[in-house]
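Notes to accompany the following structure.
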Amino acid sequence: PTRQLLRQLESEWGEKWREKVDLEERPFAAASIGQVHRGRLKEGNHAERGWKEGKRVAVKVQYPGVSDSIESDLSNLTMLVKATG
Numbered sequence: 005p006t007r008q009l010l011r012q013l014e015s016e017w018g019e020k021w022r023e024k025v026d027l028e029e030r031p032f033a034a035a036s037i038g039q040v041h042r043g044r045l046k047e048g049n050h051a052e053r054g055w056k057e058g059k060r061v062a063v064k065v066q067y068p069g070v071s072d073s074i075e076s077d078l079s080n081l082t083m084l085v086k087a088t089g
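When the letters of the sequence shown are read in order and numbered with this note's numbering, they come out as residues 5 to 89.
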């Protein structure tokens with residue numbers, strides 16, 4: 005949902021993320037741990053990367069809670085490997 009997307013972007017990029025990129029709210033692709041959105045860079049501090057205003061970008065936004073789930077899976081795997089030697 006759009007509400008989750010906006011929360012994730014604000015959480016990761018800060019309240020002024022809209023000053024950096026025009027982003028389509030509707031995803032054009034799904035990924036295993038998130039969604040992919042089309043966007044265009046706005047005028048800003050992209051020059052150090054060689055990027056120009058208007059450059060088309062794809063932004064992969066991770067689903068909320070995925071990071072915690074991955075960390076938990078890795079922790080469980082580590083315990084299993086240690087226990088089985």
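Glycine included, each C-beta is placed from N, C-alpha and C at the ideal position.
> In chain order, what residues of the same chain lie with their CB nearer than 6 Å to the CB of A33, ignoring the 5 residues before and after it?
Replying inline: Within the sequence shown, the letter at position 29 stands for residue 33. Around A33: V40.
> Where do the ends of the beta strand (DSSP E) carrying R42 lie?
Replying inline: Numbered from 1 along the sequence shown, position 38 holds the residue referred to as residue 42. First-last of the beta strand (DSSP E) with R42: G38 to L45.
> Rounded to a whole number of angstroms, what is the C-alpha to C-alpha distance between E57 and R11?
Replying inline: Against the sequence shown, residue 57 aligns to sequence position 53. Against the sequence shown, residue 11 aligns to sequence position 7. Distance between the alpha carbons of E57 and R11 is about 24 Å.
> What does a CB cutoff of less than 7 Å around R68 pick up in its chain, not counting 5 residues either side in sequence?
Replying inline: Along the sequence shown, read from residue 1 onward, the residue named residue 68 stands at position 64. The identity of residue 68 in the sequence shown is Pro, whereas the question assumes Arg. Within the same chain, P68 has close Cβ partners Q8 and Q12.
> Within this structure, are the beta carbons of K46 and K24 separated by less than 7 Å?
Replying inline: As a working note, residue 46 is residue 42 in the sequence shown. As a working note, residue 24 is residue 20 in the sequence shown. The answer is yes: Cβ separation under 7 Å.
>> Suppose the cutoff is 7 Å on Cβ atoms and the five residues either side in sequence are ignored; what does the same chain contact list for W55 look like?
In response: Counting from 1 along the sequence shown, the entry for residue 55 is found at position 51. Taking C-beta separations shorter than 7 Å and ignoring five residues to either side along the sequence, the partners of W55 in its chain run L45, following chain order.
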